[in-house]
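See below for the structure under consideration.
In this note's numbering, the protein residues as written are 50 to 542.
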């Protein structure tokens, strides 16, 4: 019995602790670490944890009174972050990492659970994280915790977490409110941007935080956040275009392609968010590549890690008729076309603007028809092409609303531009209704299988219909998205 005790460590290893899984405590390495050839680190019970740098900010949105971090738990006073101005350097990142981990604990979600939910949900629409590289970082996170990766995990948790989830609550109390989790996450991100070097994981975290803000019904805030992520991407020197056909790949080919996908995620998100702003004539932080540059890789190709297969499947941005383009590639093409619309809106010459936007209209409708045909070939499955469909529809709303607002746009006759615009808007509105019908029986937890941009095309359709009584199919779907993401029910009419 004594010999058996000597061969086991008194505490679980760091890897198993991070995974929140069982550890057999074997020496010198536990079985989990030995099977995966990982460094196995046991912490002694006498070691004291580092004092956190700053407490997360928990602010009541209603008043300045103390706010509860846990529903049904004890009340804690509102706190202000305490930054270590007296001893910056080595304590910064560990402190941020500790705070991110503590916030994750308030969700009651295991790291493996967050990973599964994220890659089944939001990742299918914004594939900016390589699954292979993420899993490698996750396996070593217990031994070598990094602040940027902890913040990436936290933003993934923010996107996959719901305070109203039927799953068991974390030990010691109820779940943290979504709003409180967001405010604390936003605070930690601000600290990380101010105190840490820009990195791939920090940029990814910024993009996901912006996606959450957009889903939450705050496109203005999301636009600011995605612009900040673009600046971080420049500072981190992430590669924005592929040199696959002209230069040998780097040692870590997957890392290079992941960076390109991150930039495409920024481009798509930034232009998507801009559509919801009162003033769309604004400078963007990201730049569209040349029309003959290739589209980003689909997540399945990226995770396969085969440069030759990626080269064989590469398609130019302008090649709308290419049959093998996947969901993310179509979303990139839709963002590229939307970029053309935004450029047209800024033209001052009325004739040039009208001609340019007419060309954009034809190309957008052509892409929409191609995407719808691809969906039909896949049995009517909107899933992979939801972002491209929603973004193309939103671009058409933006374009035709602008045309209808022009004072020189009126002309008589059934074939007048005014009638053409109304007809186009009627068509895309009916398409949105058809989309809503396909997911009218979805539960709130299944809404994660659809992109948050659906919320905005539903609102746009309701605005176009201008009915005092909303279409019941649109209204029911709108309530589903608002309930899942906590978005405000107010919309323009």
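Using N, Cα and C, we set each Cβ at its ideal position, and we do this for glycine too.
Limits of the unbroken alpha helix (DSSP H) element including residue 270: 268-284
Best match in 185, 420, 195 and 264 for proximity to residue 241 [C-alpha to C-alpha]: 195
Residue 386 and residue 412 closer than 8 Å at C-beta: yes
Reduced DSSP category for residue 178 - H, G, I as helix; E, B as strand; rest coil: coil
beta-carbon residue 518 near the ligand NAP non-hydrogen atom, thresh 7 Å: By its list of ligands, the structure shown contains no ligand whatsoever, and the ligand NAP lies outside what it can speak to.
Residues sharing a beta bridge with residue 62, DSSP: 91
Member of 473, 529, 509 and 68 whose CA lies at the smallest distance from the CA of residue 191: 68
Spatially closest choice to residue 323 from 505, 166 and 520, by CA coordinates: 505
Residue 308 to residue 372 span [Cα, whole Å]: 25 Å
Candidates 389, 471, 315 and 428: closest to residue 409 by CA position: 389
Residue 379 versus residue 254: straight-line alpha-carbon distance, rounded: 23 Å
Start-end ranges of the beta strand (DSSP E) lying completely within the region 385-446, minimum 3 residues: none
The alpha helix (DSSP H) enclosing residue 236, as first and last residue numbers: 227-244
Candidates 70, 89 and 344: closest to residue 78 by CA position: 89
Collapsed DSSP secondary structure at residue 357 in the structure displayed: helix
Residue 465, buried or exposed, once every other Cβ within 10 Å from all chains shown has been counted against 16: exposed
As assigned by DSSP and simplified to three states, the class of residue 526: helix
Whole-angstrom distance between residue 499 and residue 593, CA atom to CA atom: This structure gives no information on residue 593, because the portion of the chain shown stretches from 50 to 542.
Between the CA atoms of residue 72 and residue 291 - distance to the nearest angstrom: 43 Å
Boundaries of the alpha helix (DSSP H) in which residue 205 is found, first to last residue: 196-209
Assumed close pair residue 211, residue 227 - CB separation to whole angstroms, cut-off 8 Å: 7 Å
For residue 57, the three-state DSSP class (helix, strand or coil): strand
Contact under 8 Å by Cβ, residue 251 with residue 281: yes
Neighbourhood of residue 348 by C-beta distance below 6 Å, restricted to the same chain and skipping five residues each side: 176
Counted within 10 angstroms of its Cβ, other Cβ atoms place residue 470 as buried (16 or more) or exposed: buried
Where residue 59 falls, given that 16 or more other Cβ within 10 Å makes a residue buried: exposed
Nearest-angstrom Cα separation, counted from residue 416 out to residue 321: 17 Å
The region 520-537 / the region 438-457 touching (three or more Cβ pairs under 8 Å): no
For residue 325, the first and last residue of its enclosing alpha helix (DSSP H): Per DSSP, residue 325 belongs to no alpha helix (DSSP H) and is neither H nor E.
Burial state of residue 336 (16 or more Cβ within 10 Å): exposed
Residues bridged to residue 343 [DSSP beta-bridge criterion]: 365
Three-state secondary structure (DSSP) of residue 75: strand
Residue burial classification, residue 256 (beta-carbon count within 10 angstroms, cutoff 16): buried
Member of 366, 343 and 289 whose CA lies at the smallest distance from the CA of residue 359: 343
Local Cβ density within 10 Å of residue 235, reported as buried at 16 or more and exposed below that: buried
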